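Q: Below are the structure tokens for one structure; questions will follow.
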Amino acid sequence: MVAWKKKFGSETRDVKLVFPSNTMEFKGLQYVQAFVLPNFYFHATTAYDILRHNGLEIGKLDFVGRR
Numbered sequence: 003m004v005a006w007k008k009k010f011g012s013e014t015r016d017v018k019l020v021f022p023s024n025t026m027e028f029k030g031l032q033y034v035q036a037f038v039l040p041n042f043y044f045h046a047t048t049a050y051d052i053l054r055h056n057g058l059e060i061g062k063l064d065f066v067g068r069r
């Protein structure tokens, strides 16, 4: 378990992602706002779209989690 004190200040922590053809560098807050959240919502939306395409009867309330 990570101690709570280690989490404080992580919005300014350096984050470096290394890919075979690219390296991306962020500060902690920028990483969450510009990389993590857009990727999360892209994948959640894509899964929702695939499920609907394959006949599952779900709607907006299922997507936003209010059912």
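Last residue of the sequence shown: 69 in our numbering, with the numbers rising by one and none dropped.
Built from N, CA and C at the ideal position, the CB exists for glycine as well.
Please read all numbers here as calculations on a predicted model, not as lab measurements.
1. Can the beta-carbon of residue 37 be found closer than 8 Å to that of residue 28?
2. In whole angstroms, what is the alpha-carbon distance linking residue 63 and residue 46?
3. How big is the Cα-Cα spacing for residue 17 and residue 30?
4. Rounded to whole angstroms, what's the CA-CA distance from residue 5 to residue 19? Just pull it up for me.
5. What separation, rounded to the nearest whole angstrom, lies between the Cα atoms of residue 24 and residue 14?
A: Inspection of the coordinates gives the following:
1. Stepping through the sequence shown from its first residue, residue 37 is reached at position 35. Stepping through the sequence shown from its first residue, residue 28 is reached at position 26. Going by C-beta atoms, residue 37 is nearer than 8 Å to residue 28.
2. Within the sequence shown, residue 63 is the residue found at index 61, counting from 1. Within the sequence shown, residue 46 is the residue found at index 44, counting from 1. Using only the alpha carbons, I get a separation of about 14 Å.
3. Translated into positions along the sequence shown, residue 17 becomes position 15. Translated into positions along the sequence shown, residue 30 becomes position 28. When rounded, the distance between both Cα atoms is 6 Å.
4. As a first step, residue 5 is located in the sequence shown; it is residue number 3 there, counting from the start. As a first step, residue 19 is located in the sequence shown; it is residue number 17 there, counting from the start. Distance between the alpha carbons of residue 5 and residue 19 is about 24 Å.
5. Numbered from 1 along the sequence shown, position 22 holds the residue referred to as residue 24. Numbered from 1 along the sequence shown, position 12 holds the residue referred to as residue 14. Each residue's Cα considered, the two are about 22 Å apart.
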